[in-house]
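I have placed the structure first, in the form of structure tokens, so that the comments after it can refer back to it.
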Amino acid sequence: MKEMSTSDIDWKQNIFQQLKLRNKREKEPFENLIQSYSKSFDIASSLKSKNAQLTVEVDRLKEENTRLSEQGGGSSPGFNDKTHSVDVQKLYKLQEELTELHKKRGENSQQIIDLNMLLQEKERELMIKDAKLHDTDAVVLALKSEIKNLEMTIVELEQTNQMLKDEHQALGLAFTAMEEKYRKIQDENADLITRWMHVKAKDADKMNEDNDIQIKKRQAKLQKELIDAAKEPVEIRPENEAGIYVPGIVPICVSVALPNKAQHKFEAHDGEVNAVKWSPSGTMFATGGSDRKIKLWEISGGKCQSKGILTGSNQGIMALDFGIEENYILGASNDFASRVWSLTDQRLRVSNDLVFYAPPTIVEGHYVFWSVRPFVRSSVRLFVRSFVCSFVRLSRFRLKFLVKVVFEEVEVQST
1019 MKEMSTSDID
1029 WKQNIFQQLK
1039 LRNKREKEPF
1049 ENLIQSYSKS
1059 FDIASSLKSK
1069 NAQLTVEVDR
1079 LKEENTRLSE
1089 QGGGSSPGFN
1099 DKTHSVDVQK
1109 LYKLQEELTE
1119 LHKKRGENSQ
1129 QIIDLNMLLQ
1139 EKERELMIKD
1149 AKLHDTDAVV
1159 LALKSEIKNL
1169 EMTIVELEQT
1179 NQMLKDEHQA
1189 LGLAFTAMEE
1199 KYRKIQDENA
1209 DLITRWMHVK
1219 AKDADKMNED
1229 NDIQIKKRQA
1239 KLQKELIDAA
1249 KEPVEIRPEN
1259 EAGIYVPGIV
1269 PICVSVALPN
1279 KAQHKFEAHD
1289 GEVNAVKWSP
1299 SGTMFATGGS
1309 DRKIKLWEIS
1319 GGKCQSKGIL
1329 TGSNQGIMAL
1339 DFGIEENYIL
1349 GASNDFASRV
1359 WSLTDQRLRV
1369 SNDLVFYAPP
1379 TIVEGHYVFW
1389 SVRPFVRSSV
1399 RLFVRSFVCS
1409 FVRLSRFRLK
1419 FLVKVVFEEV
1429 EVQST
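Numbering (the numbering used here), first residue to last: 1019 to 1433.
See the structure below:
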């Protein structure tokens, strides 16, 4: 409050000083003019009174002259002439003084008119100054009100700033506590991960030992079977490309030529081509790509013609296989599923989804044998291995098919 009262006194004193300076600036230049105007007005008044006195004196002298003229008949002529000449001289002198007074009166009147005009102009300027002063007073009041509002705003901002500082300090303490808690949890997590990795390493070592034992047993069994099979006579029966026995055909190799030039090249898919498979009859072939489509092609006149497009896969096709009667085609895709399409109507018939659990957990790396008769998903046998579907194969009589899923590398397994 002291600061506010001091500021009020300061601006009031400032306005008072400004008013004094304005009066001094606007009064001193015209003070001599006003004094001269007052003197001229007094002189004019005195001249008016003198003029009136002289007029009365002239009238009196005229009457006296007339009276003397009338009385001149009884006086001596010399005396009358002398008196008359004196009176005439006085009259001339008085007339000259009267003329001079009229002249001064006119000059004074003109000076009064000029001073009145100057006074009116100064009054107008004074009115303008008063209006400006009134506006300045209004601006001062507005600025004073704004200063009060700003002072209140400053007080509120200081209070808010102090509150924010207190909150920031409290949050800093809370952050320090949470950071310490987070560090402890990280240490516990690292310890748990180390222990878990140790347990998993033990499990992996045990599984590897079990796998080594099983592999050794299978190798011993296979070696024994090979020794027994080597003792039996083997009859070689000729078969065609479809694996069907054809009597009377003797396998003869006349010559072998490696291909060195592409017969035909065409754009099969929008992206990469992941799988190609000829039909058992060799009349057509199928391609699977990363565009999630299986396309059927037929070679005619040295060119490939499209016979249909099979859709329904959620990811790129990785492997293909035809049925022996070319009625169905099997496809394995990158979405952990295998599907069977009918080639007669080119529609999806069976979709064996390997995602049995919530993603990303799947039946990790299994070989699964599925029955395709009568288009009901029926798992026959399971072998533990890897991850993504990359290989499918129908059985010899096309009653079952095998799906191979791998993670990083391709593995060939005997069943």
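Virtual Cβ for every residue (Gly too), placed ideally from N, Cα, C.
On a predicted model such as this, the values are computed, not experimentally measured, just so you know.
- Taking C-alpha positions only, Lys-1045 is separated from Ile-1061 by approximately 24 Å.
- In the three-state reduction of the DSSP assignment, Asp-1184 falls in the helix class.
- When the alpha-carbon of Val-1291 is set against those of Val-1106, Met-1336 and Lys-1283, the nearest one is in Met-1336.
- Exclusion of the five residues before and after Glu-1075 leaves Leu-1112 as the residues of its chain whose Cβ lies within less than 8 Å of its Cβ.
- Under the Cβ criterion (8 Å, minimum of three pairs), the stretch 1104-1123 does not count as touching the stretch 1034-1050.
- Residue pairing by DSSP puts Phe-1340 in a beta bridge opposite Ile-1347.
- For Ser-1324, the secondary structure class from DSSP, reduced to helix, strand or coil, is strand.
- Under the three-state reduction of DSSP output, Thr-1305 falls in the strand class.
- Taking 7 Å as the cut-off, the beta carbon of Leu-1361 is found closer than this to the beta carbon of Asn-1345.
- From the listed residues Thr-1084, Ile-1312 and Lys-1321, the smallest Cα separation to Ala-1350 is found for Ile-1312.
- Annotation for Ser-1318: the continuous beta strand (DSSP E) segment containing it runs 1312-1318.
- For Ser-1067, the three-state secondary structure derived from DSSP is helix.
- In this structure the stretch 1276-1291 lies against the stretch 1302-1310, because at least three pairs of beta carbons, one per stretch, are closer than 8 Å.
- By the beta-carbon neighbour count (other beta carbons within 10 angstroms, threshold 16), Ser-1299 is exposed.
- Rounded to the nearest whole angstrom, the CA to CA distance from Ala-1188 to Thr-1171 is 25 Å.
- In the DSSP assignment, the residues bridged to Ser-1360 are Tyr-1346 and Arg-1365.
- Under the three-state reduction of DSSP output, Asn-1352 falls in the coil class, being neither helix nor strand.
- Assigned with DSSP and collapsed to three states, Ala-1286 falls in coil, not helix or strand.
- If you check the CB distance, Leu-1314 and Lys-1321 do not come in under 7 Å.
- Residue pairing by DSSP puts Ile-1335 in a beta bridge opposite Ser-1351.
- The three-state secondary structure of Asn-1292, taken from DSSP, is strand.
- Taking C-beta separations shorter than 8 Å and ignoring five residues to either side along the sequence, the partners of Leu-1065 in its chain run Leu-1119, Lys-1122, Arg-1123 and Asn-1126, following chain order.
- Nearest neighbour of Phe-1340 by Cα position, chosen from Thr-1301, Thr-1212, Arg-1142 and Asp-1184, turns out to be Thr-1301.
- In this structure, Gly-1334 sits near Asn-1352, with a CB-CB distance shorter than 7 Å.
- Secondary structure of Glu-1139 (DSSP, three-state): helix.
- In this structure, Val-1358 keeps its C-beta atom at 7 Å or more from the C-beta atom of Arg-1365.
- For Phe-1354, the number of other beta carbons within 10 angstroms of its own is at least 16, and it is reported as buried.
- If you check the CB distance, Gln-1129 and Ser-1067 do not come in under 7 Å.
- Taking all protein chains shown into account, Ile-1347 has 16 or more neighbouring C-beta atoms within 10 Å of its C-beta and is therefore buried.
- Within 10 angstroms of the beta-carbon of Leu-1210 lie fewer than 16 other beta-carbons, which makes it exposed.
- Across the structure, Glu-1143 and Ile-1052 are spaced so that their CA atoms are roughly 16 Å apart.
- CA-CA distance, Gln-1323 to Leu-1338, rounds to 19 Å.
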